[in-house]
Structure formats: structure tokens, C-alpha cells
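Residues 0 to 248 in numbering that gives the first Met the number 0 are what the sequence shown spells out, letter by letter. Written below as C-alpha cells is the structure these notes are about.
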Amino acid sequence: MIDVRSLRMRYGPFEALKGISFQVQSGEILGLLGPNGAGKTTAMRILTTYLYPTAGTALIDGLDILENPLEVRRRTGYLPETAPLYPDMRVEDYLRFVGTARGLGGANLNRRVSWVQEACDLKPVWKHAIAELSKGYRQRAGLAQALIHDPKVLILDEPTSGLDPLQILGIRKLIKELAREKTIIFSTHILQEVEAMADRIVIIHDGGVVAQGTQAELEAHARPKAGKAGPLSLEDIFIALLTATSHEP
Ligand SMILES: Nc1ncnc2c1ncn2[C@@H]1O[C@H](COP(=O)(O)OP(=O)(O)OP(=O)(O)O)[C@@H](O)[C@H]1O
Ligand SMILES: [Mg+2]
């Protein structure tokens with residue numbers, strides 16, 4: 000469903016992505032895990048066609064992001080690091096506005112607006128101005144705009160950042176439910192997030208993929224570097240792989 004092929008990104012003299020490759024199967028939740036500055040947001044902005052890579056490409060649902068950016072956007076829902084909200088708009092009007100901008104209208108728009116209201120649990124703030132919303136409801140409104148056009152693919156940049164523990168559980172549950180019919184990539188630097196949500200994990204560091212696989216596969220990969228007997232926690236794995244630094248080819 001998603002095929003990332005040797006993506007490189009250079010900001011002036013600085014190479015933020017040094018050729019990353021990975022795949023995501025249909026219906027899978029992939030956790031993109033990496034420390035601050037690893038290149039997660041850069042990769043997500045390229046996949047959603049908001050940033051043009053220096054080299055490499057990716058296919059989303061068989062479509063090349065460089066050749067068919069508009070089609071890719073139609074099939075993709077994107078929650079950026081800072082959700083693109085208009086503070087003066089009321090939640091309902093904002094979602095109707097975004098839905099219309101993405102080509103929905105009439106009964107179809109009404110149906111999708113009701114669906115995101117329910118799915119993202121926005122009823123309590125439906126008539127409120129976005130400026131009045133708590134961080135958790137802002138994140139939910141951001142998720143609702145990513146979902147309004149019913150995309151096959153969801154790209155979520157730190158979807159639970161800044162939320163309290165109860166809100167985190169709510170968003171995790173929603174993402175898990177969405178994965179029944181969508182393919183999802185989310186980024187985080189929090190180990191518990193990938194443990195709780197991801198079917199597979201790609202660890203990036205300094206613009207390169209250091210390891211990818213299920214948690215069990217990563218454990219096997221990290222074992223020789225961990226210098227420790229017994230089961231490895233995701234934290235042990237992360238530290239072992241990051242301190243061993245060499246990137247995948
Ligand atoms: N527009 C830009 N111009 C120059 N450098 C940039 C730009 N955007 C990002 N970078 C640099 O590229 C690297 C990767 O940044 P990116 O935002 O992709 O990391 P990240 O993994 O999302 O980090 P975080 O966990 O802090 O969100 C960082 O060193 C960052 O400073
Ligand atoms: Mg980021």
C-alpha cells in the first residue's frame with residue numbers, strides 16, 4: 000500500500016534524510032520511531048506531497064507521489080505536527096469547510112461530517128470556536144480534518160503529543176479502530192506509543208533507518224548489541240540499536 004523508496008532530503012548543506020526505504024501493507028499500523036530531529040516530520044511531509052524530496056520517491060496505493068501528487072492527497076489524510084486549524088471558526092463550520100475544499104458536497108458532506116463528529120467524539124465542542132478548545136479537542140479536530148474525505152491512508156505526526164493519559168487512551172483506541180479499514184503511519188519518539196499501537200516499527204535516527212520489523216524482529220536484531228541476557232524491553236532495543244548507529248543500506 001505504501002512503498003517508500005530511497006528518500007533523500009537536503010535542507011541546504013544539511014542532509015535530513017539519507018535514503019530511507021520501508022513498506023507498509025494494507026491495514027497495517029506502522030510506527031515511525033526516532034529521537035528529536037531524526038527526520039520523521041520531513042519523511043511525512045514528503046509522503047503527503049507537501050515537500051519535494053531531493054532524491055528517491057514513494058508509491059501510495061500504487062501512485063507515485065512525484066507524478067500524481069493530487070491523487071495521492073485525495074487518498075491520504077494528514078495530521079501535521081501542528082494541526083491546521085482556524086481558531087475563529089467553529090468546529091462544525093471548519094469541518095464543513097475542509098470537506099467542501101476536498102470535493103465533498105450535499106448528502107455526502109453531511110454524512111461524512113456526522114461520521115467524524117461521532118468517530119472523533121466532537122459532540123461536546125461541536126458549536127465551539129476552535130480557539131476555545133483544549134489541546135485534546137484540538138487534536139481530535141485535527142484528526143477529524145484528516146479523516147473527513149475518508150482517505151485510505153492516514154499519516155499522523157505525533158498524534159498523541161501533548162495529551163493527558165485519558166486522552167491518549169482515547170486517541171489510541173480510535174487509531175486502532177481506524178486501522179480496520181485504513182493503512183496508517185504515525186510518528187513518535189515515545190516508546191510506549193509504538194508498543195501500544197504499531198503492528199510494525201521503523202526506527203529512524205540521523206536521517207537513516209536503523210532497523211525495522213515487528214517488536215520481536217527488532218529484539219532479535221538488537222540482541223547481539225544489547226549485551227544483556229533475558230527478554231529485552233523496547234527501551235533496551237531502542238538504546239542498543241541507536242548506539243550501534245550503522246544505517247540500513
Ligand atoms: N525547513 C528546514 N530547514 C532546515 N533544516 C530543517 C528544516 N526542517 C527540518 N530541518 C532539520 O532536519 C532534521 C530533521 O527534522 P524533522 O523535523 O524531520 O525531525 P523529527 O524526527 O520530526 O523531529 P521531532 O521529533 O523533534 O519532531 C532536523 O535536524 C531539523 O533541524
Ligand atoms: Mg517531527
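Note that beta-carbon positions come from the ideal geometry of N, C-alpha and C, so glycine has one too.
{"Check": "Exposed unless 16 or more other CB atoms sit within 10 angstroms - verdict on S133", "Outcome": "exposed"}
{"Check": "Per-residue DSSP class, three states only, for S186", "Outcome": "strand"}
{"Check": "Helix, strand or coil at M43 [DSSP, three-state]", "Outcome": "helix"}
{"Check": "Ligand 2 site residues, beta-carbon cut 7 angstroms against heavy atoms", "Outcome": "K39, T40, E80, D156, E157 and S186"}
{"Check": "Three-state secondary structure (DSSP) of Y10", "Outcome": "strand"}
{"Check": "Host alpha helix (DSSP H) of Q260 (start-end)", "Outcome": "Past the edges of the chain, shown from 0 to 248, lies residue 260, and the structure says nothing about it."}
{"Check": "P150, buried or exposed, once every other Cβ within 10 Å from all chains shown has been counted against 16", "Outcome": "buried"}
{"Check": "Residue range of the unbroken alpha helix (DSSP H) whose run includes T99", "Outcome": "V90 to A100"}
{"Check": "Start-to-end residues for the alpha helix (DSSP H) that takes in Y136", "Outcome": "K134 to L146"}
{"Check": "Contact belief for Q144 with V208 at Cβ below 8 angstroms, rounded distance in angstroms", "Outcome": "29 angstroms between Cβ atoms; not a contact."}
{"Check": "Cβ neighbours of R89 in the same chain (closer than 7 angstroms, five flanking residues each side left out)", "Outcome": "K126, H127 and A128"}
{"Check": "C-alpha distance - A118 paired with L142, whole-angstrom precision", "Outcome": "10 angstroms"}
{"Check": "Where T242 falls: helix, strand or coil (DSSP)", "Outcome": "helix"}
{"Check": "Contact test: Y10 Cβ vs ligand 1 heavy atom, cutoff 7 angstroms", "Outcome": "yes"}
{"Check": "The alpha helix (DSSP H) enclosing V152, as first and last residue numbers", "Outcome": "Element bounds for V152: not the alpha helix (DSSP H) but the beta strand (DSSP E), V152 to D156."}
{"Check": "The segment 211-218 / the segment 6-14 touching (three or more Cβ pairs under 8 angstroms)", "Outcome": "no"}
{"Check": "Helix, strand or coil at S160 [DSSP, three-state]", "Outcome": "coil"}
{"Check": "Ligand 4 heavy atom lying under 7 angstroms from the CB of A37", "Outcome": "Among the ligands present in this structure, namely ligand 1 and ligand 2, ligand 4 is not found."}
{"Check": "Pairwise C-alpha distance: R101 and S5", "Outcome": "30 angstroms"}
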